[in-house]
Amino acid sequence: MPAISGILIDGVSYGMILFMISVGLSVTMGLMRIINLAHGGFALLGGAAAHWLTTIAGFGFVISTILAVASVMIIAMVLERSLYTRIYRFTELQQVLATIGITFLMIASVNLLLGSTILPIRVPELLSRPIDLGFRTLPTHRLMVVIAGLLTAAALYYLLERTWFGVRLRAAVDNRNMAASLGINTVKIYAITFSLGAGLAAFGGILGAELLPIDAYYPLRYMVLFLVVVAVGGMGSIAGSFFAAIALGIIDTAARYIVPEYGTIFFFVAMMLVLTLRPNGMLGRT
Amino acid sequence: MTSGLDITGLCKSFGGIIVANNIDFTLRPGDRKALIGPNGAGKTTFANLITGFLAPSAGTLHLDGRNIINLKEAKRVKAGIAKTFQITTLFKRMSVRENIRLAILEREGKSFRWFAKDNGYSDIEEEIEQLLEQFSLQSSAADEVHELAYGRQRLVEMALTLALKPRILILDEPSAGVPASDSHIITDAIERLPEDLSVLIIEHDMNLVFKVARKIVVLVNGAILTEGTPGEIAGNQQVRDLYLGARHEH
Amino acid sequence: MDTAIRQNRPRHGLLTFRRLYLDLALIGAGIAAFFLFPDSLGFLTRVLIMIIMVLSLDLVLGYAGIATLGHAALFGSGAYAAGLFAVNFSADPLLGLAVGAVAGAVIAFVSGLILLRAQSLTLLMLSIAVAQILQEIASKERAITGGSDGLLGISMEPIFGIYAFDFVGQTGYWYALTVLTAVFVLLKIIVASPFGLAARGIHESAERMRAIGTPVYWRLVAIYTLAGGVAGIGGALSAQVTELVSLDALGFSLSAEALIMLILGGLGRLYGAIFGTVIFMTIHHLAASVDPFNWLFVIGALVLIVVYFLPEGFIGLPARARKLMRWSP
Amino acid sequence: MKKLLRTLAAAGTIVLAFAGSAAADHTVKVGVIAPFSGPFAIWGKQFKNAVEVYVAQNGKKAGTHTVEFIYKDSGGPNPSGTKSLAQELIVRDKVDYLGGFVFTPNALSVAPLIQKAKVPTVIFNAATSIIVKKSDYFVRPSFSLWQVTVPMAEWAWKQGIKTAVIAVTDYGPGNDAEVAFRTTFEKLGGKVLDAIRMPLSTTDFGPFMQRIKDKNPNAVFVFLPAGPPSFAFVKSYNENGMKAQGIQFLGTGEMDETTLDALGDAALGLTTAYHYSGAHDSDKNRAFLKTLEEISPGAAANLASVGAYDGAHVLYQMIKAVGSDRTKAVAAVKGMAWESPRGPVSLDPDTRHIIQNVYIRRVAKDENGKLINQEFDIIRKAVPDLGLPN
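As you go down the protein sequences, you meet chains W, H, D and X in turn. Going from the first sequence to our numbering is simple: count from 1 and add 926. Going from the second sequence to our numbering is simple: count from 1 and add 390. Going from the third sequence to our numbering is simple: count from 1 and add 38. Going from the fourth sequence to our numbering is simple: count from 1 and add 102.
Take a look at the structure:
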């Protein structure tokens, strides 16, 4: 049945985008225990920067992506050191309020500088062509997204499981005070992780711009979507985010194939089922 | 029909780890039993099995001859089983008076009234004042609980639990966190508890245990090692070794 | 959610009298606003309706500690129910209010059965999902609800058959103010009742509530249902005054704005809901008319300033000012 | 009925009070309600630019009266907010006319109000057919969905397109477009192979592309809101090789000039039927574009621009004819004909809706390499609102 392969291919590539943008959110929410509604804002900043670099400044796609991600990471680092250090100590509700305030300022800035219409990112001609897989054609762009997603997941896995940094990060996730008492510099770990998460959001935002187009209101439009991935996957779980994103991508795609007229309802009912059965998410810690 | 609590063959395991192993236990009106044992012996688990916070894997639980194994925690409270928490669990940003008021309103089945004033029942207000007096808390009645010294918070914990008028009272480490100089406050409070109440005290502080308990149950690795009067337990070499051994770990 | 949200209830009867004056002053302000801003009654009426919505959220979040981002589900259900009732059965406003209240309560009860077993992020997400699903249904059932065009044909009869709705919005304002006052008084009574005390108890420590024998889950369902009724009244009012209901009544941004207004104002004391809503909506209104393109800067900055410098919201302002006075030489 | 009369009488007294204060030569105020903030802010910007172009070309005076525009921000679809803004404009700012309105529910929310207060209201956009029926004071010089969709179906049939798949966004306008296209196309003998209603929040259109391709129709008719959905759909259409498979793209407003540039070369050759192209070949349009460039350099002209420009024209004609005596204003412009940047147009005296040409356009590059909607066929002159009869 060609529909099944179609659902899988489209679903997986959609899921990869969700994964790349959401995984940083999952880590920051799991590690720093903050509800960070501004996360989508970093994807917006990355996308907006890439838009400016590719269309106005005239840089190539790859260089623009690198520059955009790097600048978002720097912005994130600055924000972390200035605003977020206080936010960590807030109650959950104050975190919601503070991070939504930051999101508003990000949106307003992009709106002021680049306007409220779509901010397209010019991709190389090569990527916008379809390629023939034999049984069906697939946009080259999607293939790139899937590969980039897998590479990101692999790199994160390596970073967390095999490196000095990963050991400390996991220790900090498990128990911040314990980690601090073992002499781990949690302040530094926090800053690096936050910046890394923001960078991933920017990267995902840029690569996913064909599926989730960038405009100033991007963070509000997709905020719920990213939070769903985190909640279903389980806060702080990278594998959880990966499987949740892929599963949600496939479910959403399947709904569009089979019952497009009930697409949104299908998606949210599926989410409610998962969360009712597993309140801490698929791979969440109980 | 016997009155009091009757437990037979109570078992509980988490994964493969057995935390309650075939426990038989009774508590009659007027009993003052203490449950002691080294850390990790399963004392709090046992208390939680009685209150219904945890569900047992096997065994029976009868209160006044009535099977209560299937009752949820809140229902067991209504049936007459109440406990204080090892770590003070109170309504911290409410006054002491409001803490106790909540418990009495609940006991009296009035906590679902929407249009009465919460402090509008004169009999309840009177009872609150009596409890405050019994635990010497009058001077702090209007203070929010988090402002109180820890020893006094323990008293509120007891007052609030006693306000439920339980027949079975479980005190989970009533003196935990209380400075030694203040522990007499706790001892006094326990000694002044109503005579017909059945009391189970889980406690580390042996001074307190020997002062207030009339029977002592020793729990080791989820099973009852022995039970006896304070004198018998004090003379039991096995207990002394075990308990002192455990103490060394601190 | 976190228990660190302060509940600075008056210690004793000390403040009771002052509180009564404050209540009267608030109602007086509501009456005065009619005469001071006779040309902005439409906007003021929207503020009053929004206050009802935020009061309902305060009951749920400020008192019982249930964090939700789907309160529009209850407001919108009330709005659609009242609208449909007016179109199909009776255009009597008060009957419509009752229908809205019942609809909000029913939706709250049914969704509460699922939601209130969850906590924290999961609760937030489930509450969002409920509102989104309802919005999608309202969008799909176009034959009944009008879909994205909005529910048309609401034309209210005069209140008590006497006071007709006028285009200046005078009747609408008095109507909304009366309903709000009634809701406010009702909520004042309820939060001071044993039921209200128990709600705060659950917020402070659900574990301890269970240990004194309270069926915590069902109590939360009851509070949520009550709040659903209140939000439903707000929705019904909105439907009657606007004479149109559209999908935005069930929208995520309504839920989010209500939450922002409540946290800005301060949780758990009803007054916060009033001040938060009035201040937020007024600033929004003014900023949007001065520079609509960039008003989001103002709102973003306002939100950050409050959360960083007034962590208890606007109602923390007097205490903070007093503290400053004491510190100054 | 008695009740209605009583209300009208009450409203009438207030109106008279306003009219009494209106001298022969005075400033007439027009309130314009549109989104100036949020994701739809571009609409307000386009409206405002176009009105300013009209004022720049025609002066601040309509006849002997000075015209003053007051802009109010409605945000997105928000009927309760819109209604209260309209109330404020009428009561506090004492406007005699209203204009603007992008979204159907917002326009509908003011219908009872303008009916009671007798305020002529010119709709710059909101395109659902029923709106004009809800008050006698509505005038709509924009377009309606049926008006542009029916010609699209007819033109497609004439080009030899026999089979089509319909793919619309699942909300009011999308459903209307689906019905309009299907009815017309099937009546002519065409076959609709499949109709897909896509969720409003969708921006990943891959799944639908596959479904369309499997049916292998001659053409796909789409209706999508401008912005992210149109953008993502066109990208997807291109990347999935639909063009190569020979499935023609048929649409209406998807190739909006404000987002056309964002689509890039992916849009080249896509066919749409619409009442206005920013590249319309006429002196009137060139003059319009020239002034627009002076007022707001780099701004594109789109349907919002022409709707607001013609809206301003209708308002000016009303004010010129009757000043603030607004009960007669609508009658004064019924049947009026004029030359718009979109071509010759007139107002249908019965429906108060615009009669206009619909053009078939395809996306091409102009001499500067900029993407435009190149008109190459006029389907029918003077198309009335075809949605109204049913």
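Every residue, glycine too, gets a C-beta built ideally from N, C-alpha and C.
Asked                                                                                                                     : Found
Where the beta strand (DSSP E) through LEU200 of chain X begins and ends                                                  : 199-202
Cβ of ARG542 of chain H within 9 Å of any chain D Cβ                                                                      : no
Residue-chain proximity (SER512 of chain H, chain D), Cβ-Cβ < 9 Å                                                         : no
CB-CB length for LEU417 of chain X against GLY201 of chain X, believed under 8 Å                                          : 6 Å
As assigned by DSSP and simplified to three states, the class of PHE323 of chain X                                        : strand
Whether VAL465 of chain X touches MET357 of chain X by CB criterion (9 Å)                                                 : yes
Whole runs of the alpha helix (DSSP H) within the region 527-610 of chain H, excluding any shorter than 4 residues        : 540-552, 573-581 and 596-602
Exposure of GLN189 of chain X, with buried meaning 16 or more beta-carbon neighbours within 10 Å                          : buried
Residue from X:ILE225, X:LEU405, X:ASN151 and X:ASP383 whose Cα sits closest to the Cα of ILE480 of chain X               : X:ASP383
Backbone CA spacing between PRO1056 of chain W and HIS1067 of chain W [nearest angstrom]                                  : 8 Å
Contacts of LEU495 of chain H in chain D (Cβ-Cβ under 8 Å)                                                                : PRO232, LEU235 and ALA236
Residue nearest to ASN320 of chain X in terms of C-alpha spacing, selected from X:GLU341, X:ILE298, X:GLY348 and X:ASP296 : X:GLY348
Any chain X beta carbon closer than 9 Å to GLU1006 of chain W                                                             : no
Proximal residues to THR1063 of chain W (C-beta, below 7 Å), its chain only, five neighbours per side dropped             : PRO1056 and ILE1057
C-alpha gap between VAL1099 of chain W and GLN1021 of chain W, whole angstroms                                            : 19 Å
Residue burial classification, GLY510 of chain H (beta-carbon count within 10 angstroms, cutoff 16)                       : exposed
Beta-carbon neighbours of GLY366 of chain X, restricted to chain W and to distances below 8 Å                             : PRO1046 and ARG1048
Through-space distance from TYR273 of chain X to ASP450 of chain X, alpha-carbon basis                                    : 28 Å
Neighbour list for PHE318 of chain D in chain W, Cβ cutoff strictly below 8 Å                                             : Near PHE318 of chain D there are no residues of chain W at all, since even the closest Cβ is about 11 Å away, more than 8 Å.
N- and C-terminal bounds of the beta strand (DSSP E) containing THR616 of chain H                                         : 613-618
Three or more C-beta pairs below 8 Å linking the region 402-410 of chain X and the region 375-392 of chain X              : yes
For ARG582 of chain H and ILE576 of chain H, the rounded distance between their alpha carbons                             : 10 Å
Helix, strand or coil at PRO253 of chain D [DSSP, three-state]                                                            : coil
Candidates H:GLU617, H:GLN627, H:ASP631 and H:ALA613, of which the one nearest THR434 of chain H by Cα                    : H:ALA613
Cβ contact (3+ pairs, closer than 8 Å) linking the region 138-145 of chain D and the region 110-127 of chain D            : yes
Own chain residues within Cβ distance below 6 Å of GLY85 of chain X, not counting five before or after                    : It is not possible to answer for residue 85 of chain X, since the shown part of chain X is limited to 103 through 492.
Pairwise C-alpha distance: LEU934 of chain W and ARG1182 of chain W                                                       : 12 Å
The region 434-449 of chain H in contact with the region 394-406 of chain H per 3-pair CB rule at 8 Å                     : yes
Beta bridge counterpart(s) of GLY353 of chain X as assigned by DSSP                                                       : X:THR374
Any non-hydrogen atom of the ligand FAD within 8 Å of ALA326 of chain D CB                                                : Absent from the structure shown: the ligand FAD. Ligands present: none.
Test item: CB-CB of GLY188 of chain D and THR223 of chain X under 9 Å                                                     : no
Cβ pair count under 8 Å reaching 3, the region 239-253 of chain D against the region 458-470 of chain H                   : yes
Reduced DSSP secondary structure (H/G/I, E/B, other) of GLY1166 of chain W                                                : helix
Residues of the region 476-507 of chain H with Cβ closer than 8 Å to any Cβ of chain D, in chain order                    : THR479, LEU480, PHE481, LYS482, ARG483, MET484, SER485, GLU488, ARG491, LEU492, ALA493, LEU495, GLU496, ARG497, LYS500, SER501, PHE502, ARG503, TRP504, PHE505, ALA506 and LYS507
Opposing strand residues paired with LYS226 of chain D [DSSP bridges]                                                     : Paired residues: none, contrary to the question.
Residue environment, LEU1045 of chain W, which counts as buried when at least 16 other CB atoms sit within 10 Å           : buried
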